[in-house]
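Undergrad: Going line by line, the protein sequences match chains X and W.
Taken in order, the first sequence gives residues 1 to 80; the numbers are from my numbering.
Taken in order, the second sequence gives residues 81 to 160; the numbers are from my numbering.
All C-beta atoms, glycine included, are put in the ideal place defined by N, C-alpha and C.
Number of protein chains: 2
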Amino acid sequence: MKATVYVTIKENVLDPQGVAVQGGLHSLGFNEVGKVRIGKYLELELDTTDRAEAEARLKVMCEKLLANTVVEDYRFELED
Amino acid sequence: MKATVYVTIKENVLDPQGVAVQGGLHSLGFNEVGKVRIGKYLELELDTTDRAEAEARLKVMCEKLLANTVVEDYRFELED
């Protein structure tokens, strides 16, 4: 089973990396670029066939290691 | 218009961050986790309504700044 996890900075938390990339794009002449937010994108291979269990365990992985839930949100998708 | 950009490490390039996260998950008892690959996930607001032009310019942004095309792949989606 393959899992895709998206970790994003919460809406009301400052994203300095996004601000820096926005500045870089403006310097290159891409003035149409407004807010930029940068997150993480993870692909995990899971050696399991039980979808419900995979979801439950993936939630724990996100809470414990993959995301810092104080300042980040996460969501994931599972494919067989 | 809103753009979502996914930047991933090319399949045949080593991803040390992914290897570290895999090790961390194994240490926490998630032994079902196989290969882990970590990429970037960017959300950009674009002040434009011309979809074709937005796509063309986004491609240039990716090539010039957002992705290192020597070792990374990118893909993007546009929403109105």
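Which ranges would you report for the alpha helix (DSSP H) in the region 15-60 of chain X if only whole runs of at least 4 residues count?
TA: Whole alpha helix (DSSP H) segments, 4+ residues: 16-27.
Undergrad: Measure how close the beta-carbons of W/Y121 and X/Y74 come, nearest whole angstrom, since I'm counting them as under 8 Å.
TA: 11 Å between Cβ atoms; not a contact.
Undergrad: Measuring CA to CA, which of X/M1, X/N12, X/A3, X/V60 is closest to X/G72?
TA: Per the sequence shown, residue 72 of chain X should be read as Glu rather than Gly. It is X/N12 whose Cα lies nearest to the Cα of X/E72.
Undergrad: Kindly list the residues whose CB is nearer than 8 Å to the CB of W/G98, restricted to its own chain and excluding five residues on each side of it in sequence; keep chain order.
TA: Here the set comprises I89, K115, V116, R117, I118.
Undergrad: Nearest chain A C-beta to X/E43 closer than 8 Å, yes or no?
TA: Absent from the structure is chain A; the protein chains it does hold are X and W.
Undergrad: How is W/E143 classed by DSSP in three states: helix, strand or coil?
TA: Of the three classes helix, strand and coil, the one that applies to W/E143 here is helix, per DSSP.
Undergrad: Does X/V5 come out as helix, strand or coil in the three-state DSSP assignment?
TA: Note: X/V5 maps to strand in three-state DSSP.
Undergrad: Nearest to W/L105 by CA position, among X/V70, X/L66, X/F30, is which residue?
TA: Checked all of X/V70, X/L66, X/F30; the closest Cα to W/L105 is X/L66.
Undergrad: Spell out whether any CB of chain W is found under 8 Å from the CB atom of X/L65.
TA: Yes, X/L65 lies at the interface with chain W (some Cβ there is under 8 Å from its Cβ).
Undergrad: What is the DSSP secondary structure of W/D153, counted as helix, strand or coil?
TA: Three-state result, W/D153: strand.
Undergrad: Classify W/D130: buried if its beta carbon has 16 or more other beta carbons within 10 angstroms, exposed otherwise.
TA: Looking at its Cβ environment, which holds fewer than 16 other Cβ atoms inside 10 Å, W/D130 is exposed.
Undergrad: Measuring straight from C-alpha to C-alpha, what distance separates X/M61 and W/K82?
TA: So the two alpha carbons sit approximately 29 Å from each other.
Undergrad: By DSSP, does W/E159 sit in helix, in strand, or in coil?
TA: Looking at W/E159 - three-state DSSP - the assignment turns out to be strand.
Undergrad: Kindly indicate if chain W contains any beta-carbon less than 8 Å away from that of X/L30.
TA: Checking the sequence shown, residue 30 of chain X turns out to be Phe, not Leu. At least one chain W Cβ lies under 8 Å of X/F30.
Undergrad: Taking C-alpha atoms, which residue in W/V150, W/V101, W/A134 lies nearest to X/E43?
TA: The residue with the shortest Cα to Cα distance from X/E43 is W/V101.
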